[in-house]
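Visitor: Input: one structure, supplied below.
Residue numbers (this note's numbering), protein chains in the order written: chain L, 4 to 398; chain B, 4 to 398.
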């Protein structure tokens, strides 16, 4: 039995096995990238399910349209306008089963073997692996705190020419660094991209999780040519288990995604789409998002306090202004995979930074989630990890 | 913006547009392939959702594991043993978002550009298109009422040699013909396949919908080498909107699917997996299936009566012994796409047979669903279609 060529070297299996250890019950795990389940607005969600099951049960248990439930698409379009000042219509949207499916379908839509995808570095490997499955060559572009480097990007675009089929970016509080692109950088990026006929895949998973006063305008808002494919989701600001996300793009591009959606799973789960629409129509998602932002900000602050107190000065880190992650850098030559082994032995988990580089990885970085553990666990876990790190750096 | 090569000639758009007409409210549509929503056991489904939302809400709204909810996989394994006498374990199963996703991932797993997929003819184009998206070459194998032709299959296997990467079959009441392979043919097929190291993709969507006394053993039950990849689903015997299906296969193959599942959508909807597990644990799916089989058999009988009375003798058809479809053949030279245009003008829809041949199509066949319309609609719709067919054949 012969697997397709793409299955070769697909995954860092050793790391996967290690990460499974992080799932053990007694581990304080800073490795996930989830919202905190205790924040779910359970009563409102229950009421929405009950309503759907009482009044729309037959429709909710039958196939949804491939495009997705019409009322949900309308509500998402309204929300994009209200939240991000981006005009959007219901027929410029297709519902996907999580953002991951949007990324997978983007590979299917744009990538032939050997094509090039440009991306920020470090970046979300789940997206990059999905694109690599279509035998894309992944080429990283130097990135600083304001976003992807414009000169570096221009150079890559010109060097690789027509081989570049996609630019994948996460401008808002990206996974893993929580970096948020500045407005100037967004404008400069779109000005440059407008000179090329290449789609921009904008992963907006964390865009609502901001601790700043104002939300940044998404790249879609600076898109004059209709070249941005915007991937939104309710997984980070609401509940990931519903698997409700969407692509917003130019109508003719959406039509292509629809063909693929019919191949990859026909349609997304009907009942969760209707539940989500009912929730948006009758409850206050903005209030929920405010609540979790306040909580996550408190947890970030607490984590930064513990880190300042417990970690050696050689460890560098940012102050996340949104998102779910703290990104820490050990001195050169140190290896966070080695640190993880020691941490797991003492019941603490995180994700080594090498997991966010598809090619040659920097090994001295790590991603620490601050949204998902309680205050007590943050203090206990980060105190332990601080001590383990001190000991490791002393060797 | 350049799409991947696979997007060329992907769909018969003209037919898609035509089929959208079939969705209009006042059309009597025999075009769907769904169970009848009035049969859903709504009270039991509601109770299961209520239970999950009361007692497992946080888990049900968080990410499921990539493999799928453990209790659901156990129950599916038990059910495969109880229904089909096929030993199966929970870790030989991965939950998929509908069978369509299992088919899509099979393309991703096995197909490189130019590889060959062998299949029965006619067959389910949704599967074949999903495989074609991975740039497979689709090669049909002559099939008779007992199943795929063994000599023809052997010839194809030997002609194409190592280029053949997959054999896709639907042995039970297949879409579109409702043909069910005989036991002898199943054994002969697996005997032949055992001589090759090629995976068999067994699509078992309709396997429980049998009007016969005994269920046939699936190919998986005759599999000595672990080469069968079995795709089961709750979409046809229960509710398609839940999007719950599964792959059962050898453990090492399941591990490969798991890697891909993490790329295509991370995990399936958590709440519907838990609802399905609770339903299977506390209610009687067998009793539900018996009930819908009785109903569909009555509708099949009624449809055959109307057809015998209203259709001209030149129109040939089988007597479906299970599944959801009646397959009808007009005299050579007639075109069921032309017939569909006339039928739509009088408010009746079906699927022209050409939609089930990926290559050179026979154009004089059609698929008529008998599960989804009420008795009154069957009489009215098939009487109309009989008259329209008579008029068309007289020309």
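Every residue, glycine too, gets a C-beta built ideally from N, C-alpha and C.
(1) Suppose only complete runs of 4+ residues qualify. What are the alpha helix (DSSP H) ranges in the region 313-346 of chain B, listed by chain order?
(2) State yes or no: is the C-beta of residue 368 of chain B within less than 7 Å of the C-beta of residue 356 of chain B?
(3) So the beta strand (DSSP E) residue 369 of chain L belongs to, where does it begin and stop?
(4) Can you check whether the C-beta of residue 133 of chain B is within less than 7 Å of a C-beta belonging to chain L?
(5) To the nearest angstrom, how far is it from the Cα of residue 149 of chain B to the Cα of residue 301 of chain B?
(6) Could you please give me the residues that DSSP links to residue 120 of chain L through a beta bridge?
(7) Just mark residue 293 of chain B as buried or exposed, buried being the case when its beta carbon has 16 or more other beta carbons within 10 Å.
(8) Bridge partners of residue 146 of chain B, per DSSP?
(9) Hey, quick one: how far does the alpha helix (DSSP H) through residue 78 of chain B stretch, first residue to last?
(10) Once you ignore the five residues that flank residue 235 of chain L on each side, which residues in its own chain have a CB closer than 6 Å to its CB?
(11) So is residue 113 of chain L in contact with chain B if we call contact Cβ pairs under 7 Å?
(12) Using a Cβ-Cβ distance under 7 Å, would residue 163 of chain L count as near chain B?
(13) Looking at the unbroken alpha helix (DSSP H) that takes in residue 187 of chain L, where does it start and where does it end?
(14) Using DSSP with H/G/I as helix, E/B as strand and the rest coil, what is residue 105 of chain B?
(15) Could you tell me whether the Cβ atoms of residue 112 of chain L and residue 6 of chain B are closer together than 7 Å?
(16) Does the beta-carbon of residue 244 of chain B have 16 or more other beta-carbons within 10 angstroms, so that it is buried, or is it exposed?
(17) Which residues in chain B sit within 7 Å of residue 63 of chain L, going by Cβ to Cβ distance?
(18) Just checking residue 123 of chain L against the ligand SAH - is the residue's beta carbon closer than 6 Å to any of the ligand's heavy atoms?
(19) Candidates L:142, L:256, L:379 and L:4: which alpha carbon is nearest residue 202 of chain L's?
(20) Locate the beta strand (DSSP E) running through residue 362 of chain B, then write down its first and last residues.
(21) Excluding the 5 residues flanking residue 213 of chain B on each side, which residues of the same chain have their C-beta closer than 6 Å to its C-beta?
(22) Out of L:391, L:360 and L:269, point me to the one whose CA is closest to residue 128 of chain B's CA.
(23) Measure the C-alpha to C-alpha separation of residue 75 of chain L and residue 273 of chain B and round it to an integer number of angstroms.
(24) By a C-beta neighbour count over all protein chains shown, 10 Å radius and 16 as the cutoff for buried, is residue 2 of chain L buried or exposed?
(25) Can you give me the C-alpha to C-alpha distance between residue 46 of chain B and residue 99 of chain L, rounded to a whole angstrom?
(26) Looking at the structure shown, is residue 67 of chain L part of a helix, part of a strand, or coil, going by DSSP?
(27) Could you please tell me which residues of the region 90-105 of chain B, in chain order, have their CB closer than 7 Å to any CB of chain L?
(28) Below 7 Å CB to CB, which residues in the same chain sit around residue 130 of chain L once its five sequence neighbours on both sides are set aside?
(29) Consult DSSP for residue 207 of chain L and reduce its assignment to one of helix, strand or coil.
(30) Taking a Cβ distance cut-off of 8 Å, strictly less, list which residues of the region 270-282 of chain B are near chain L, in chain order.
(31) Between which two residues does the alpha helix (DSSP H) holding residue 260 of chain B run?
(32) Could you tell me the boundaries of the beta strand (DSSP E) in which residue 235 of chain L lies?
(33) In chain B, what lies closer than 8 Å to residue 230 of chain L by C-beta?
(34) Against residue 227 of chain L, what residues of chain B qualify as contacts under a CB-to-CB distance less than 8 Å, listed in chain order?
(35) Determine the extent of the beta strand (DSSP E) in which residue 99 of chain B is found, giving its start and end residues.
(36) Look up residue 309 of chain L in the DSSP assignment and say whether it is helix, strand or coil.
Guide: Walking through what the data contain:
(1) List check, alpha helix (DSSP H) in window: nothing returned.
(2) Yes, these two residues count as a Cβ contact at 7 Å.
(3) For residue 369 of chain L, the enclosing beta strand (DSSP E) stretches over residues 368-372.
(4) A Cβ of chain L is located within less than 7 Å of the beta carbon of residue 133 of chain B.
(5) One C-alpha to the other measures close to 24 Å.
(6) Paired residue(s): L:141 and L:169.
(7) Exposed is the call here.
(8) Residue pairing of residue 146 of chain B in beta bridges, as defined by DSSP: B:151.
(9) Unbroken alpha helix (DSSP H) run through residue 78 of chain B: 73-87.
(10) The residues are 207 and 249.
(11) True, the Cβ-Cβ gap to chain B drops below 7 Å.
(12) Not one chain B Cβ lies under 7 Å of residue 163 of chain L.
(13) Residues 186-196.
(14) Residue 105 of chain B sits in a helix when the DSSP states are folded into three classes.
(15) Their beta carbons are under 7 Å apart, which means residue 112 of chain L touches residue 6 of chain B by this criterion.
(16) It counts as buried.
(17) Under the 7 Å cutoff, chain B gives 244.
(18) Among the components of this structure there are no ligands whatsoever, and the ligand SAH is therefore not found.
(19) Selected option, being the one with the closest Cα: L:256.
(20) For residue 362 of chain B, there is no enclosing beta strand (DSSP E), as DSSP gives it neither H nor E.
(21) Excluding positions up to five away in sequence, the list reads 325.
(22) Answer by Cα proximity: L:269.
(23) Roughly 20 Å separates the two Cα atoms.
(24) Beyond the ends of chain L as shown, which are 4 and 398, falls residue 2 of chain L; an answer cannot be given.
(25) Those two C-alpha atoms are separated by around 29 Å.
(26) Per DSSP, reduced to three states, the secondary structure at residue 67 of chain L is coil, with no helix or strand assignment.
(27) Answer set for the region 90-105 of chain B: 100, 101, 103 and 104.
(28) Hits under 7 Å: 106, 171 and 206.
(29) The answer is coil: DSSP assigns residue 207 of chain L none of H, G, I, E or B.
(30) Along the region 270-282 of chain B, the positions whose C-beta sits under 8 Å from a C-beta of chain L are 270, 271, 272, 273, 274 and 275, read in chain order.
(31) From DSSP, the alpha helix (DSSP H) with residue 260 of chain B extends over 254-267.
(32) Looking at the DSSP string, the run of the beta strand (DSSP E) that includes residue 235 of chain L is 231-236.
(33) The contacting residues are 4.
(34) Per Cβ cutoff of 8 Å: no residues; residue 227 of chain L is ~14 Å from chain B at best.
(35) Looking at the DSSP string, the run of the beta strand (DSSP E) that includes residue 99 of chain B is 96-99.
(36) If DSSP states are grouped into helix, strand and coil, residue 309 of chain L belongs with the helices.
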